[in-house]
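Structure record follows, encoded as structure tokens.
Protein chains in written order, with my numbering: chain A, 2 to 105; chain B, -13 to 443.
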């Protein structure tokens, strides 16, 4: 990437990042943090490239370590976010009364 | 394998980046949040498939095995972890992500030429390692493996400055020479810096630090994208860095403080230290029957849930108590402080798990003016978020934090484990107020006893 393209990408991504979460209620702070946390697990792509280009044993070992860590971040992050959000379902006003049986 | 041509690779990475934007967008609204998360996961899957199909890779079986190991470890933990321990888990995942970014950067040094790329390597190393070490400290604090109180020692400020100076120096030498030795030195110094920056943070501020470190990891990933010349990593990392910064600021303002005050407050001396002295002043404790009478014959009851409720897994018991009281004509609402629990929004998640209807959950700004018309406030396992010291004593570590003004209610009932101060480590004057009644014990058991007593009336 040439420096100008890079700068363009970084500046535009920053604005998009600011904009998409600017009006989030405090209820969703935790899931949003957790979801953003999962997204940076995409460092897995970088870890795969590094491990896939390793020529010596120790580079491969460290590269594979990075793959394991990045996978944990990515997979664990999305799973735990989904679990959190799964608990927000079924809170329609109409269904508020027929949930009484499930609270035991 | 290079099945995909460069343009196709770029298009697929772009699609993945769009998925991430849609994911963040979706996560900002309750109705679309779950779908948003799935879109994000889909984007990640697409990106991983793309890298396998486009880059020239050796060692593919070993890489697939490493992915299998990472998934096999993380997914079951993520699925089974207690909801109360979720903040630690998010911090842990964040830390390992930062660690992965630092490893990627250090391994790419041999392929990196030119000061600009080496600068990106140094940045990734610094930020990724700070995030890794700092996140592990937050996990240890939340798990109470180490003291939740700020950990400071004399001269710490100078040590931090010295380590930071040496790290910048090592980074400069790395950019100048491209020598691996400097990279390793930078890595070690940055890990030390991560520890030193987070150890002095007081317990109540830990969630905000997690959010900040989350933004840091995002920036490290973006910088590693520059190192690897991978536009998806740049976009995804920058998105997380930017949205994480906004989120950190939103959380900090919900607690009434600035981000720099949280990070450096303890260095400025005493401000977040608090007092640990437990006073032996008399308090009034009541039997479950007394509390049942108070609740049953009240017109309006507000329940303030806190971390103690979460620890005791009492969310179902409190939901049942609320339903029972409502069936007997009492108006019951839940007052949710933005940072109740260990993370902003944590309490909403737990009560949603217990099927407490959304309309019963009131935000702080909405419920505060209503306390003066409230007969009984039932505080279950919360302390700092109702502590009037936040308004009245300027020396207090939580001074300035918006609180639920429960002292305006006619009666206040605390269900507490003990007289131990809350997470912030300070005593609550309200406990000694004449209108306060206390019931000691595990939140779930106490709720059960009160519930039985209410039903017997």
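Even for Gly, the Cβ is constructed at its ideal location relative to N, Cα and C.
Taking 8 Å as the limit between beta carbons, can you name the residues of its chain near residue i, skipping five residues before and five after?
i	result
residue 255 of chain B	Low per-residue confidence applies at residue 255 of chain B: pLDDT is 44, beneath 50, and the placement is therefore not dependable, though the value from the model is reported in the following sentence. Result list for residue 255 of chain B: empty, nothing under 8 Å.
Since residue i is in the alpha helix (DSSP H), which residue starts that stretch and which ends it?
i	result
residue 84 of chain A	78 to 87
residue 38 of chain B	19 to 40
residue 417 of chain B	Counting along the chain, residue 417 of chain B falls outside any alpha helix (DSSP H), and DSSP gives it neither H nor E.
residue 237 of chain B	217 to 240
residue 334 of chain B	332 to 339
residue 143 of chain B	142 to 163
residue 200 of chain B	192 to 214
residue 375 of chain B	375 to 378
residue 109 of chain B	101 to 128
Kindly indicate the opening and closing residues of the beta strand (DSSP E) around residue i.
i	result
residue 321 of chain B	317 to 322
residue 70 of chain B	Where residue 70 of chain B is concerned, there is no enclosing beta strand (DSSP E), given that its DSSP letter is neither H nor E.
residue 349 of chain B	347 to 349
Just the Cα atoms here: how many angstroms apart are residue i and residue j?
i	j	result
residue 246 of chain B	residue 350 of chain B	24 Å
residue 12 of chain A	residue 18 of chain A	10 Å
residue 86 of chain B	residue 68 of chain A	7 Å
residue 1 of chain A	residue 78 of chain A	The structure shown does not extend to residue 1 of chain A, since chain A spans only 2 to 105, so no value can be given for it.
residue -3 of chain B	residue 10 of chain A	15 Å
residue 440 of chain B	residue 434 of chain B	10 Å
residue 88 of chain B	residue 71 of chain A	11 Å
residue 31 of chain B	residue 283 of chain B	56 Å
residue 216 of chain B	residue 54 of chain A	15 Å
residue 81 of chain B	residue 52 of chain B	18 Å
residue 130 of chain B	residue 335 of chain B	22 Å
residue 390 of chain B	residue 416 of chain B	12 Å
residue 337 of chain B	residue 86 of chain A	12 Å
residue 353 of chain B	residue 293 of chain B	19 Å
residue 100 of chain A	residue 5 of chain A	Interpretation of residue 100 of chain A is limited by its pLDDT of 39, a score under 50 that renders its predicted location unreliable; no figure is taken from the coordinates.
residue 423 of chain B	residue 392 of chain B	13 Å
residue 123 of chain B	residue 186 of chain B	10 Å
residue 257 of chain B	residue 248 of chain B	For residue 257 of chain B, the predicted model reports a pLDDT of 39, less than 50, meaning its position is unreliable and no value from the coordinates is stated.
residue 142 of chain B	residue 170 of chain B	24 Å
residue 76 of chain B	residue 35 of chain A	6 Å
residue 286 of chain B	residue 30 of chain A	29 Å
residue 0 of chain B	residue 144 of chain B	45 Å
residue 2 of chain B	residue 225 of chain B	13 Å
Which residues in the same chain as residue i place their Cβ atom closer than 6 Å to its Cβ, once the five residues preceding and following it in sequence are excluded?
i	result
residue 74 of chain A	42
residue 401 of chain B	366, 425, 429, 432
residue 346 of chain B	319, 320
residue 236 of chain B	none
residue 395 of chain B	357, 360, 363
residue 83 of chain B	203
residue 288 of chain B	319, 321, 360, 363
residue 10 of chain B	229
Give every residue of the same chain whose Cβ lies closer than 7 Å to the Cβ of residue i, excluding the five residues on either side of it in the sequence, and list them in chain order.
i	result
residue 437 of chain B	303, 306, 307, 310
residue 126 of chain B	132
residue 220 of chain B	208, 211, 212
residue 295 of chain B	301, 304, 366, 367, 429
residue 278 of chain B	436, 439, 440, 443
residue 110 of chain B	87, 88, 91, 206, 209, 210, 213
residue 275 of chain B	439
residue -5 of chain B	36, 40
residue 152 of chain B	175
residue 384 of chain B	190, 370, 373, 375, 376, 410, 412
residue 50 of chain A	none
residue 239 of chain B	none
residue 25 of chain B	5, 8, 9, 12
Could you tell me whether the Cβ atoms of residue i and residue j are closer together than 8 Å?
i	j	result
residue 205 of chain B	residue 180 of chain B	no
residue 200 of chain B	residue 37 of chain A	yes
residue 427 of chain B	residue 403 of chain B	yes
residue 116 of chain B	residue 176 of chain B	yes
residue 418 of chain B	residue 184 of chain B	no
residue 160 of chain B	residue 173 of chain B	no
residue 157 of chain B	residue 108 of chain B	yes
residue 197 of chain B	residue 233 of chain B	yes
residue 164 of chain B	residue 104 of chain B	yes
residue 398 of chain B	residue 421 of chain B	yes
residue 112 of chain B	residue 146 of chain B	no
residue 63 of chain A	residue 49 of chain B	no
residue 45 of chain B	residue 61 of chain A	yes
residue 6 of chain B	residue 40 of chain A	yes
residue 149 of chain B	residue 178 of chain B	yes
residue 80 of chain A	residue 54 of chain B	no
residue 88 of chain A	residue 94 of chain B	no
residue 22 of chain A	residue 33 of chain A	yes
Taking the DSSP output, what are the residues bridged to residue i?
i	result
residue 271 of chain B	B:424
residue 364 of chain B	B:289, B:399
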